[in-house]
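A.B. asks: Start counting at 1 in the sequence shown, then tack on 371, and there's your number in our numbering.
Even glycine gets a Cβ: it sits at the ideal position worked out from N, Cα and C.
My structure is below; once you've seen it, I'll send some questions.
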Amino acid sequence: MPSTLILGIESSCDETSAAVVRNGQAVLSNVVASQLIHSNYGGVVPELASREHLRAIVPVVREAMQRANVAYSDLAAIAVTEGPGLAGALLVGISFAKALAFGANLPLIAVNHLEGHIHAVLMDATTAFADASPLLALVVSGGHTHLYLATQTPEQTWHYRNVGKTLDDAAGEAFDKVAKLLGLPYPGGPWIDALASLGTADTRLFPFAQIKQKATGNTAPKLAREAALQPNDDPARFDMSFSGIKTAVRRYVELHHMQPAIATRDDAFRAIGLHKAKPDTMNLARALPYFDAPTLNLIASFQNAVVKNLARSAFHAAEHYGVRSLLVSGGVSANSELRRHITAEATRRNLPVAFPAIALSTDNAAMIAAAAFPKFLTRDFAPDTLEPTPQLRLG
Ligand code: KG4
Ligand code: ZN
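Quick look at the structure:
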């Protein structure tokens, strides 16, 4: 196979990233600059995100090219995230990619960020996952919680159909909001993941949100391939909800008068510089004196409820559509309890399951370059007039 090198650029939220990927699989470089500034505000501030992307884009792309040890003349195409995401943030990546493509006389490929997350798994699971299609993809991140039926066409491109989504908060958003409520740094998902393993989950604390499954028309289970390729057919839905669990945590905190301890923890974290820190072993050890057992148990119970909710919808949908495999991706797919629970349940059901490498779970440009490869093969290039599509949908 000829060597097709694609430079990917991702700037949809708060990571500026560039990567060089060969033939949609081999990552030659993947540079990710995370914007720490948002931890001052407990969430992403769109105006600051655009400004930080503007600062970072040139050095990040240069470093990705240097680490891959390639020149622009070695590239076959430039791929960029078209959406969904923050308009101003997307605009920085798109404008830069357009200028580069024009200057180097290379085709430009527009990639849906959500498809990128799916390719973060496919790019290194292809051997073990050779006969994976049709598959069910659970994409679960700070901004999105979706279930897609994904089918590979004979031309090796992919076709997606959305069969479930959150009706309110994304699962990652629930992690981040509950973390903020408990005085933990942003992003909160990794902190909750690390702290939950030190508590005991009470499975009765946060019951499942009961979302009525929508199954209009012919409710009989369909073969996934058939369902994925029939655009006019109204499929059964496997929607989810996470705002109820978040509200239940807030109520629990109020009822058990936990606010003073939370305020103390928040102050202490700021005083010792933990409020912008990642929960590595050393920071976790420094943080632990500020948590009592009921707080750790609350964190474990919350995480357990979110994980069980996600898994329940995914396995219902997988069963309904009779898919051949399950793929889980997006920032929340880094969660250790989600990986453990879904792997155990998939093994029990004899359903092959794959997750991305941890570094490819959260936003990165390697997944954008990987998703662009099948589009390169079918000459699916973007026009010069490409613009951000903040609400871009997949399937
Ligand atoms: O995919 P991503 O980097 O950005 C979006 O496209 O949204 O996902 C970021 C989200 C954040 O909400 C973050 O808290 C969550 O992923 N996250 C985690 C973990 N690592 C990141 N959530 C739970 N457990 C983790 N280990
Ligand atoms: Zn993402």
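Alpha carbon to alpha carbon, what distance is there between cysteine 384 and arginine 621?
C.D. replies: Taking the first residue of the sequence shown as position 1, residue 621 is located at position 250. Taking the first residue of the sequence shown as position 1, residue 384 is located at position 13. The straight-line gap from Cα to Cα measures roughly 27 Å.
A.B. asks: Pick out every residue whose C-beta is nearer than 5 Å to a heavy atom of ligand 1: which are they, in chain order?
C.D. replies: For ligand 1, the selected residues are Ser512, Gly513, Gly514, Gly543, Phe546, Asp547, Pro558, Gly560, Pro561, Asp564, Gly701, Gly702, Val703, Ala705, Asn706, Thr733, Asp734.
A.B. asks: Is glutamate 544 helix, strand or coil when you go by DSSP?
C.D. replies: By 1-based counting over the sequence shown, the position of residue 544 is 173. Helix at glutamate 544.
A.B. asks: The beta strand (DSSP E) that contains serine 700, what's its start and end?
C.D. replies: Mapped onto the sequence shown, residue 700 falls at position 329. That run of the beta strand (DSSP E) goes 696-700.
A.B. asks: Between the C-alpha atoms of methionine 436 and leucine 748, what's the straight-line distance to the nearest angstrom?
C.D. replies: Taking the sequence shown and counting its residues from 1, the one referred to as residue 436 is at position 65. Taking the sequence shown and counting its residues from 1, the one referred to as residue 748 is at position 377. Taking the straight line from one Cα to the other gives about 22 Å.
A.B. asks: Taking only three categories from DSSP, how would you classify methionine 611?
C.D. replies: Locating residue 611 in the sequence shown gives position 240, counting from the first residue. Looking at methionine 611 - three-state DSSP - the assignment turns out to be strand.
A.B. asks: With a floor of 4 residues, list each alpha helix (DSSP H) that falls wholly inside the segment 625-653, ordered by position along the chain.
C.D. replies: As far as the segment 625-653 is concerned, its whole alpha helix (DSSP H) runs of at least 4 residues are 630-642.
A.B. asks: In terms of residue numbering, what span does the alpha helix (DSSP H) encompassing asparagine 668 cover?
C.D. replies: Stepping through the sequence shown from its first residue, residue 668 is reached at position 297. 664-692 is the span of the alpha helix (DSSP H), which, as asked, contains asparagine 668.
A.B. asks: Would the segment 449-462 and the segment 374-394 be scored as touching if the rule is three or more Cβ pairs under 8 Å?
C.D. replies: Result yes; three or more Cβ-Cβ pairs closer than 8 Å.
A.B. asks: Would you say aspartate 445 and leucine 538 are within 8 Å of each other, going by their C-beta atoms?
C.D. replies: Indexing the sequence shown from 1 puts residue 445 at position 74. Indexing the sequence shown from 1 puts residue 538 at position 167. Contact: no.
A.B. asks: Over what stretch of residues does the beta strand (DSSP E) that includes glycine 535 continue unbroken?
C.D. replies: Numbered from its first residue, the sequence shown carries residue 535 at position 164. First-last of the beta strand (DSSP E) with glycine 535: 529-536.
A.B. asks: Using DSSP with H/G/I as helix, E/B as strand and the rest coil, what is isoleucine 449?
C.D. replies: Taking the sequence shown and counting its residues from 1, the one referred to as residue 449 is at position 78. Isoleucine 449 falls in the strand class under three-state DSSP.
A.B. asks: At a threshold of 7 Å, does histidine 490 count as lining ligand 2 (C-beta to nearest heavy atom)?
C.D. replies: For the purposes of this step, residue 490 is identified with residue 119 of the sequence shown, where counting begins at 1. Because no heavy atom of ligand 2 lies under 7 Å away, the Cβ of histidine 490 does not count as near it: no.
A.B. asks: Grab me the residues of proline 761's own chain with a C-beta within less than 8 Å of its C-beta, minus the 5 sequence neighbours each way, in chain order.
C.D. replies: Sequence index remark: in the sequence shown, residue 761 carries index 390 (1-based). These residues qualify, in order along the chain: Gly454, Pro455, Gly456, Leu457, Ala458, Leu461.
A.B. asks: Taking the C-alpha atoms as reference points, what is the distance between alanine 717 and alanine 439?
C.D. replies: As a first step, residue 717 is located in the sequence shown; it is residue number 346 there, counting from the start. As a first step, residue 439 is located in the sequence shown; it is residue number 68 there, counting from the start. Their Cα atoms are separated by approximately 37 Å.
A.B. asks: Going by the C-beta, is histidine 424 closer than 7 Å to any heavy atom of ligand 2?
C.D. replies: To locate residue 424, count along the sequence shown from 1; it is residue 53. No, the beta carbon of histidine 424 sits no closer than 7 Å to any heavy atom of ligand 2.
A.B. asks: For leucine 506, which beta-bridge partners are listed by DSSP?
C.D. replies: Reading the sequence shown from its first residue, position 135 is the one you call residue 506. Its beta-bridge partners are Ala521, Ser696.
A.B. asks: Between which two residues does the beta strand (DSSP E) containing arginine 720 stretch?
C.D. replies: The sequence position of residue 720 within the sequence shown is 349, counting from 1. No beta strand (DSSP E) holds arginine 720; DSSP gives it neither H nor E.
A.B. asks: Which of the three DSSP states, helix, strand or coil, is assigned to threonine 571?
C.D. replies: Locating residue 571 in the sequence shown gives position 200, counting from the first residue. Looking at threonine 571 - three-state DSSP - the assignment turns out to be coil, as it is neither helix nor strand.
A.B. asks: So glutamine 674 and glutamate 708 are in contact, right, with Cβ under 8 Å, and what is the actual spacing, rounded?
C.D. replies: Here residue 674 corresponds to residue number 303 of the sequence shown, with the count starting at 1. Here residue 708 corresponds to residue number 337 of the sequence shown, with the count starting at 1. The Cβ separation is near 6 Å, so the contact holds.
A.B. asks: Just to confirm, is the Cβ distance from alanine 541 to histidine 515 under 8 Å?
C.D. replies: Within the sequence shown, numbered from 1, the residue matching residue 541 stands at position 170. Within the sequence shown, numbered from 1, the residue matching residue 515 stands at position 144. Against a cut-off of 8 Å, the Cβ pair of histidine 515 and alanine 541 comes out as a contact.
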